[in-house]
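Visitor: Top line first, the protein sequences correspond to chains A and B. Quick note on the numbering used here: the first sequence kicks off at 1 and runs consecutively. Quick note on the numbering used here: the second sequence kicks off at 1001 and runs consecutively.
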Amino acid sequence: GAVVSQHPSRVICKSGTSVKIECRSLDFQATTMFWYRQFPKQSLMLMATSNEGSKATYEQGVEKDKFLINHASLTLSTLTVTSAHPEDSSFYICSATPPRGGINEQFFGPGTRLTVL
Amino acid sequence: AQSVTQLGSHVSVSEGALVLLRCNYSSSVPPYLFWYVQYPNQGLQLLLKYTSAATLVKGINGFEAEFKKSETSFHLTKPSAHMSDAAEYFCAVSGPAGTALIFGKGTTLSVSS
């Protein structure tokens, strides 16, 4: 099956610093990747849709300047949390969709736990 | 627009008992439906998916789900719960190609001995 990796799996940073999270599709090319945020005991909240070579589409209420998304290649999308604050602490999960017709199936990364002190 | 409703945020069963997690969907087009399981501090693992083939779908770990169009439901079942089934379960519906999955709020399954 298709495999998606995320790096790092866990990061702790100081308030005010920036953190970059990588999402890679290991054995397929992903024209579209998605970034989700999950608070404890809650469901996944879609943050943005990332398409290779174009600007990401952000969901309402998600700050574009705070959560920078770059999808520079068909196998890599990055999420940078700029000037992180404690309220940005969360579990971030990416997913990727292979470029084929039919089922709109997504493959999920293992997630990144961000803790901002 | 598509949506998913999971009835019951928390379900508790005894080991060996039937597991039933409910999911109802709303979709203006024939849906693709998914069930995922999430263990603490881990990502999502696909349990099973409905892709308009058989209405009874068998997944991993002994789980299965039945697509009922008349009831707009896709409930997840397992005949006999195991302690290792304790986790968070999410139902999701697929939108058009290139769009994100739409998730329900999740159901926490607890299994007691």
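Note that beta-carbon positions come from the ideal geometry of N, C-alpha and C, so glycine has one too. The structure presented is a predicted model; accordingly, all values stated were derived computationally and were not measured.
Taking DSSP as the reference, what is the three-state secondary structure of Ser77 (chain A)?
Guide: The residue labelled residue 77 (chain A) in the question sits at position 77 within the first sequence. Strand at Ser77 (chain A).
Visitor: State the Cα-Cα distance for the pair Thr1099 (chain B) and Val1011 (chain B), rounded to the nearest angstrom.
Guide: Here residue 1099 (chain B) corresponds to residue number 99 of the second sequence, with the count starting at 1. Here residue 1011 (chain B) corresponds to residue number 11 of the second sequence, with the count starting at 1. Taking the straight line joining both Cα atoms gives about 30 Å.
Visitor: Could you list the residues in the segment 42-57 of chain A with a C-beta less than 7 Å from some C-beta on chain B, going in chain order?
Guide: Ser43, Leu44, Leu46 and Thr49
Visitor: Considering only the beta carbon of each residue, do Pro8 (chain A) and Thr112 (chain A) sit closer than 8 Å?
Guide: In the first sequence, the residue the question calls residue 8 (chain A) occupies position 8. In the first sequence, the residue the question calls residue 112 (chain A) occupies position 112. Closer than 8 Å, so yes.
Visitor: So, do the segment 69-88 of chain A and the segment 1044-1063 of chain B have three or more beta carbon pairs nearer to each other than 8 Å?
Guide: no
Visitor: Taking Arg135 (chain A) as the query, report the chain B residues whose CB atoms sit under 7 Å from its CB, ordered along the chain.
Guide: Residue 135 (chain A) lies beyond the stretch modelled for chain A, which goes from 1 to 117, so this question has no answer here.
Visitor: Of all the beta strand (DSSP E) runs that stay within the bounds of the segment 1039-1092 of chain B, which reach a length of 3 or more residues?
Guide: 1044-1050, 1056-1058, 1064-1068 and 1073-1078
Visitor: CB-CB under 7 Å to Gly1008 (chain B), same chain, minus the five flanking residues each way: which ones, in chain order?
Guide: If you number the second sequence from 1, residue 1008 (chain B) lands on position 8. The answer, listed in chain order, is Arg1022 and Thr1107.
Visitor: When you compare the CB positions of Thr1077 (chain B) and Leu1018 (chain B), do they come within less than 8 Å of one another, or not?
Guide: Here residue 1077 (chain B) refers to the residue found at position 77 when the second sequence is read from its first residue. Here residue 1018 (chain B) refers to the residue found at position 18 when the second sequence is read from its first residue. Going by C-beta atoms, Thr1077 (chain B) is nearer than 8 Å to Leu1018 (chain B).
Visitor: Please work out which residues of its chain come closer than 7 Å, Cβ to Cβ, to Ser1026 (chain B), disregarding the five sequence neighbours upstream and downstream, and give them in chain order.
Guide: Start at 1 with the first residue of the second sequence, and residue 1026 (chain B) comes out as number 26. If we look at Ser1026 (chain B) and ignore the five residues flanking it on each side, its Cβ neighbours are Gln1002, Ser1003 and Thr1072.
Visitor: Taking beta-carbon pairs under 9 Å, can you tell me which members of the segment 1084-1097 of chain B lie near chain A?
Guide: Glu1088, Phe1090, Ala1092, Ser1094, Gly1095, Pro1096 and Ala1097
Visitor: Identify whether Glu52 (chain A) lies in helix, strand or coil by the three-state DSSP scheme.
Guide: Start at 1 with the first residue of the first sequence, and residue 52 (chain A) comes out as number 52. Here DSSP, grouped into helix, strand and coil, assigns Glu52 (chain A) to coil.
Visitor: Cβ of Tyr1032 (chain B) less than 8 Å from any chain A Cβ?
Guide: Working through the second sequence from its first residue, we reach residue 1032 (chain B) at position 32. So, interface residue.
Visitor: On the criterion of 16 or more Cβ atoms from any shown chain inside 10 Å, does Asn104 (chain A) qualify as buried, or is it exposed?
Guide: Here the question's residue 104 (chain A) lines up with position 104 in the first sequence. Counting Cβ neighbours within 10 Å, Asn104 (chain A) comes out buried, since at least 16 surround it.
Visitor: Count the C-beta pairs between the segment 22-32 of chain A and the segment 81-91 of chain A that are closer than 8 Å, then say yes if the count reaches three, no if not.
Guide: no
Visitor: Around the Cβ of Glu63 (chain A), are there at least 16 other Cβ atoms within 10 angstroms (buried) or fewer (exposed)?
Guide: Along the first sequence, one-based indexing puts residue 63 (chain A) at 63. Classification of Glu63 (chain A): exposed, given that the 10 Å Cβ count is below 16.
Visitor: As a quick exercise: from B:Gly1104, B:Ser1112 and B:Val1111, pick the residue whose alpha carbon is nearest that of Thr1005 (chain B).
Guide: Numbered from 1 along the second sequence, position 5 holds the residue referred to as residue 1005 (chain B). Of B:Gly1104, B:Ser1112 and B:Val1111, the residue nearest in Cα terms is B:Gly1104.
Visitor: So, Leu44 (chain A) versus Ile12 (chain A), is the Cβ gap smaller than 8 Å?
Guide: Within the first sequence, residue 44 (chain A) is the residue found at index 44, counting from 1. Within the first sequence, residue 12 (chain A) is the residue found at index 12, counting from 1. Not a contact, by the Cβ cut-off of 8 Å.
Visitor: For chain A, check one thing: does any of its Cβ atoms lie closer than 8 Å to the Cβ of Leu1021 (chain B)?
Guide: Translated into the one-based positions of the second sequence, residue 1021 (chain B) becomes position 21. No, Leu1021 (chain B) lies away from the interface with chain A (no Cβ there is under 8 Å from its Cβ).
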